[in-house]
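Note sheet for the following structure.
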Amino acid sequence: MRLRLNASRLSAVPRDALWRENIAQSRFRAGRVGPIELAAPLCAINCMVLSSKTRLLLGCSVGLLVSPLGAQPARADDSAPALDKSAYSLFNPTPTDAMRAFEPERPAKILNPFTVDAGHFQIESDFLSYTHANVAGAGTTQFETADPTIKLGLTSSIDLELDFYGYLTSATHSNQTGGLIANGHGFGDTIIKTKINLVGNDGGDFAMALVPFVKAPSAAPGLGNGVVEGGVALPMQINLPSDFVLALQTEYDILKNANDSQRYANLVNIANLSHSLSFISKDLSASIEFFSAVGTDPFTPAVYTLDLGLAYLIQPNVQVDAGANFGLTKASPSLNLYTGVTTRF
Numbered sequence: 043m044r045l046r047l048n049a050s051r052l053s054a055v056p057r058d059a060l061w062r063e064n065i066a067q068s069r070f071r072a073g074r075v076g077p078i079e080l081a082a083p084l085c086a087i088n089c090m091v092l093s094s095k096t097r098l099l100l101g102c103s104v105g106l107l108v109s110p111l112g113a114q115p116a117r118a119d120d121s122a123p124a125l126d127k128s129a130y131s132l133f134n135p136t137p138t139d140a141m142r143a144f145e146p147e148r149p150a151k152i153l154n155p156f157t158v159d160a161g162h163f164q165i166e167s168d169f170l171s172y173t174h175a176n177v178a179g180a181g182t183t184q185f186e187t188a189d190p191t192i193k194l195g196l197t198s199s200i201d202l203e204l205d206f207y208g209y210l211t212s213a214t215h216s217n218q219t220g221g222l223i224a225n226g227h228g229f230g231d232t233i234i235k236t237k238i239n240l241v242g243n244d245g246g247d248f249a250m251a252l253v254p255f256v257k258a259p260s261a262a263p264g265l266g267n268g269v270v271e272g273g274v275a276l277p278m279q280i281n282l283p284s285d286f287v288l289a290l291q292t293e294y295d296i297l298k299n300a301n302d303s304q305r306y307a308n309l310v311n312i313a314n315l316s317h318s319l320s321f322i323s324k325d326l327s328a329s330i331e332f333f334s335a336v337g338t339d340p341f342t343p344a345v346y347t348l349d350l351g352l353a354y355l356i357q358p359n360v361q362v363d364a365g366a367n368f369g370l371t372k373a374s375p376s377l378n379l380y381t382g383v384t385t386r387f
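Just so it is clear: in the sequence shown, position 135 is 177 by this note's numbering, and no numbers are missing.
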């Protein structure tokens, strides 16, 4: 539950729960949000906390992300011609020796532009996520566990992705009296995404994809806003000199207003820079990321976070990670700590 988009997740809150929405925004990353989600909007990918798993947001962010290759930033070998994989499909899987490099999106909020090979699965999930927010005179603490994103390769350039918000426990207390304002527990919303790679799936120094998504309001009472929300994200990646990898994403979401049933536009932007820490281990990499989500709803403040991550490739198709996201404004979740795993088969 990387308080992320996405990535960012969908769901708005009533005026008295506005702080919840801000927390959620910081994690809604294109179909997947962070912990404190009792009623927050969706945004990018990334990052709901108190309402639903609203991860898809629309804003302006710039950051640095851990390479999609997981432990090592993904860099294509331009010396070899790209293999024609157009004949492979869900029912005619890509042979193991023809699969592209392992490309986890964890531990960043940003999405990567690469799809899972046809006929194969990839699962990304938190082990445990902790989020604290201090907004509007109230402090909220939330824990989340087991919130898997399941990816299925349909063709050589398209995959289907399901983001399930894991089990959440959340409590909000007044900063003045210490009294309990709200609490809740249960499972969150579900985000359905389709990733369509436009260029660079199997080689080159530039890659880009289109990721439309929709939030299905499946959250337990008090953990979501109960409405359908959605958006579209455009992630891209550029290989830089000296093995640095720059990832960028812009995202546009349509979310429910915080104080009524109307809809508003939310813009999310993310910038992500990563590099292998080969002086420690060739399988270890680090990233730094800047995330922003800005919407047209006057009752939903903008969210800005600075995110740091580490990833370690323990096997060719297994990566573990840990990260910390820091709020840069009062309306943003102040701290989000998490650890998780990605595996492909």
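Quick reminder that beta carbons are idealized off the backbone N, C-alpha and C, glycines included.
Notebook entry, point to check: Which residues share a DSSP beta bridge with L290?
Noted result: M278, A313
Checklist line | Supposed contact pair T232 and F206 - C-beta distance, whole angstroms, cut 8 Å | finding: 6 Å
Checklist line | Helix, strand or coil at P283 according to DSSP, with G and I counted as helix | finding: helix
Check: According to the Cβ coordinates, are Y346 and L370 closer than 8 Å?
Finding: yes
Item checked: Bounding residues of the beta strand (DSSP E) (the contiguous stretch that carries V177) -> 163–177
Checklist line | Proximity below 8 Å, CB of L210 to CB of D201 | finding: no
Item checked: Inter-residue spacing [alpha-carbon to alpha-carbon] between D339 and D302 -> 10 Å
Check: Thinking C-beta only, is A160 closer than 8 Å to N314?
Finding: no
Notebook entry, point to check: Using the C-alpha atoms, what's the distance from S376 back to Q184?
Noted result: 12 Å
Margin query: I'd like to check one pair, P277 with A251: are the Cβ atoms closer than 8 Å?
Written below: yes
Note to self: Based on DSSP bridge pairs, tell me the residues matched to P252.
What the structure shows: Residue 252 is actually Leu in this sequence, not Pro. Its beta-bridge partners are I238.
Check: Secondary structure at A300, three-state DSSP: helix, strand or coil?
Finding: coil
Next item on the list: Quick one: measure Cβ to Cβ for I280 and D247, integer angstroms, because I've assumed they're closer than 8 Å.
Entry: 7 Å
Item checked: Beta-carbon contacts of N176 that lie in its chain and below 6 Å, excluding the five residues immediately before and after -> S376
Next item on the list: To the nearest angstrom, report how far apart T182 and S323 are at their CA atoms.
Entry: 37 Å
Check: On the three-state DSSP scale, how would you describe A307?
Finding: strand
Notebook entry, point to check: Among I165, S198, P259, which one has its Cα closest to the Cα of L240?
Noted result: S198
Notebook entry, point to check: Does the separation of the CB atoms of T381 and A364 fall below 8 Å?
Noted result: yes
Check: How many angstroms separate the CA atom of K257 from the CA atom of T138?
Finding: 33 Å
Item checked: Chain-order list of residues whose beta-carbon lies under 7 Å from that of G268 (same chain, five-residue window excluded) -> P259
Margin query: Within a Cβ cutoff of 7 Å, which residues of the same chain sit near G221, ignoring the five residues on either side of it in sequence?
Written below: H215
Checklist line | Neighbourhood of I152 by C-beta, 6 Å cutoff - its chain only, sequence neighbours within 5 removed | finding: L107, A289, Q291, I312, N314
Next item on the list: List the whole-angstrom C-beta distance separating L352 from A328, where the pair is believed to meet the contact cut-off of C-beta under 8 Å.
Entry: 5 Å
Notebook entry, point to check: Where does D139 sit, in a helix, a strand or coil, going by DSSP?
Noted result: helix
Margin query: Taking 6 Å as the limit between beta carbons, can you name the residues of its chain near A366, skipping five residues before and five after?
Written below: L350, L379
Margin query: When you compare the CB positions of D295 and S318, do they come within less than 8 Å of one another, or not?
Written below: no
Margin query: The beta strand (DSSP E) that contains L326, what's its start and end?
Written below: 326–337
Check: If you compare alpha carbons, which of T136, R148, S374 is closest to D244?
Finding: T136
Check: In the DSSP assignment, what residue or residues form a beta bridge with Q357?
Finding: V360
Notebook entry, point to check: Using DSSP with H/G/I as helix, E/B as strand and the rest coil, what is R148?
Noted result: coil
Next item on the list: Less than 8 Å between the CB atoms is what I'm expecting for A274 and V253, so what's the real figure, rounded?
Entry: Correcting the residue type first, residue 274 is Val in the shown sequence and not Ala. About 7 Å separates the two Cβ atoms, so the contact holds.
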